[in-house]
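Residue numbers (this note's numbering): 118 to 184. Beta carbons are placed, not taken as given, at the ideal position from N, Cα and C, and that holds for glycine.
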């Protein structure tokens, strides 16, 4: 069974939101500490993958409509 790009994009977007919320909550001690920076890097990666998956899904739809 293959995962659809739209479903994967939604999953990665939700994970990006989750890691952002966790980073904001852990930023109470200071925003430039190691755990906060790592959590924001993970959230950035998740958002980037979500954008790529959304674009890939649109590309697949366009190629399917061409045929």
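By the 10 Å Cβ neighbour count, where 16 or more other Cβ atoms means buried, how is residue i classified, buried or exposed?
i           : result
residue 156 : buried
residue 147 : exposed
residue 160 : buried
Helix, strand or coil: how does DSSP classify residue i here?
i           : result
residue 150 : coil
residue 180 : helix
residue 144 : coil
residue 172 : helix
Report yes or no: is there a C-beta of chain B within less than 8 Å of the C-beta of residue i?
i           : result
residue 130 : Within the model displayed, chain B is absent; a lone protein chain is all it includes.
Going straight from the alpha carbon of residue i to that of residue j, what length do you get?
i           : j           : result
residue 154 : residue 162 : 12 Å
residue 142 : residue 164 : 19 Å
Please check the pair residue i and residue j, which I expect to be a contact at CB under 8 Å, by giving their CB distance rounded to whole angstroms.
i           : j           : result
residue 158 : residue 122 : No, residue 158 and residue 122 are not in contact; Cβ-Cβ is about 23 Å, not under 8 Å.
(request) May I ask you to verify whether the stretch 121 to 141 touches the stretch 165 to 176, counting CB pairs closer than 8 Å and requiring at least 3? (result) yes
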